[in-house]
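Visitor: Quick one: the structure is below, and I'll ask about it shortly.
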Amino acid sequence: MFFDAHLHLDHLKEDEIKKYLELSKKNGLDYFFVNSTSLKSNFQTKELAEKYKEVVPGFGLYPLESTKKDLKEFEKILETQKGKFFIGEIGLDFKFADDAQKKEQNEIFQKVLDLAKEYDVYVNVHSRYAQRQVVEILEKNKQEKVIMHWFCNSEKYLRKVADKEYYINLGPTYLFHDEQKAMIEKIDKNLILFETDYPVEISGKAYASFELKEVINKFCNDFNIQLKELEKMQKKNFKEIVH
Ligand SMILES: [Zn+2]
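Numbering (the numbering used here), first residue to last: 358 to 600.
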């Protein structure tokens, strides 16, 4: 079995979601870490997970779609959740943020990290123009259960998170950026997960979960790992995250 370790489905209609999951399953993708961004998307993800057992729900407050006012309602979502879940998508995005926005993002991030520790679940972490800050907060908070989303930009921080044994998601950008291979070469392959971040476009194309095999196959070729062997590693990781 393989799984998509980070995607979004809240923009799709019900019949489209059904088709999406069916097509993915036909192509060997069995589970989906569906992230939420706004309060509305958290409710959608919750419903989706109740309907499809292959959906692992992520509840999150995405830095660009949340305010502190959302925290109370967010806590209620976690309190009423019955099945397994992770916390995502959360993190920091400083690309266009002013100082007040940075401060608010920090406060929300800190709070949801604490909630993840309280519930003893994994976090799926976004960082843009804020890699150093994200790593510092995770370290300071002694966060142990972490999945780093879209994180192959800086060798320095990649090493840092690998040392902490955080999972590192590899996405479709891996197909076009050879420098990622050189960076991954030096870290433990057991820490690698695969993600599409669907429907985010990468080089003008939204990669769907069923196309993740392209990334997986390239990874196997690059590091001389048998597909069966990788599948075993992924299964073990899945069990560790969704136990
Ligand atoms: Zn995302």
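Backbone N, C-alpha and C define an ideal beta-carbon position, used for all residues, glycine too.
Hey, how far is the Cα of T424 from the Cα of E461?
Guide: By one-based count along the sequence shown, residue 424 stands at place 67. By one-based count along the sequence shown, residue 461 stands at place 104. Answer to the nearest angstrom: the Cα atoms are 7 Å apart.
Visitor: Let me make sure I understand the geometry here. Which of N526, Y531, K543, A487 has the alpha-carbon closest to that of F595?
Guide: Here residue 595 refers to the residue found at position 238 of the sequence shown. Among N526, Y531, K543, A487, the Cα nearest to that of F595 belongs to N526.
Visitor: In angstroms, rounded to a whole number, what distance separates the CA positions of F400 and H365?
Guide: The sequence position of residue 400 within the sequence shown is 43, counting from 1. The sequence position of residue 365 within the sequence shown is 8, counting from 1. If I take the Cα positions, the gap works out to 13 Å.
Visitor: So D535 is in the beta strand (DSSP E); what residue range does that whole segment cover?
Guide: Stepping through the sequence shown from its first residue, residue 535 is reached at position 178. Taken as a continuous stretch (DSSP letters only), D535 belongs to no beta strand (DSSP E), being part of the alpha helix (DSSP H) at 535-542.
Visitor: Taking just the CA atoms, how far does T394 sit from K452?
Guide: Numbered from 1 along the sequence shown, position 95 holds the residue referred to as residue 452. Numbered from 1 along the sequence shown, position 37 holds the residue referred to as residue 394. Cα-Cα distance, rounded: 17 Å.
Visitor: Could you tell me the alpha carbon to alpha carbon distance between I465 and H483, rounded to whole angstroms?
Guide: Within the sequence shown, numbered from 1, the residue matching residue 465 stands at position 108. Within the sequence shown, numbered from 1, the residue matching residue 483 stands at position 126. Looking at the two C-alpha atoms, the distance is approximately 13 Å.
Visitor: Hey, V469 and I447: beta-carbon distance below 8 Å or not?
Guide: Position 112 of the sequence shown holds residue 469. Position 90 of the sequence shown holds residue 447. Yes, these two residues count as a Cβ contact at 8 Å.
Visitor: Keeping to the same chain, check which residues put their C-beta closer than 7 Å to that of P556; ignore five residues upstream and five downstream.
Guide: As a first step, residue 556 is located in the sequence shown; it is residue number 199 there, counting from the start. These residues qualify, in order along the chain: H365, H368, A563.
Visitor: If you compare alpha carbons, which of V478, E475, C509, E522 is closest to E496?
Guide: Here residue 496 corresponds to residue number 139 of the sequence shown, with the count starting at 1. Of the listed residues, the one whose Cα sits closest to E496 is E522.
Visitor: Taking the alpha carbon of L569 as the point to measure from, which residue in K538, K592, D545, T530 has its own alpha carbon closest?
Guide: The count along the sequence shown starts at 1 and reaches residue 569 at position 212. The residue with the shortest Cα to Cα distance from L569 is T530.
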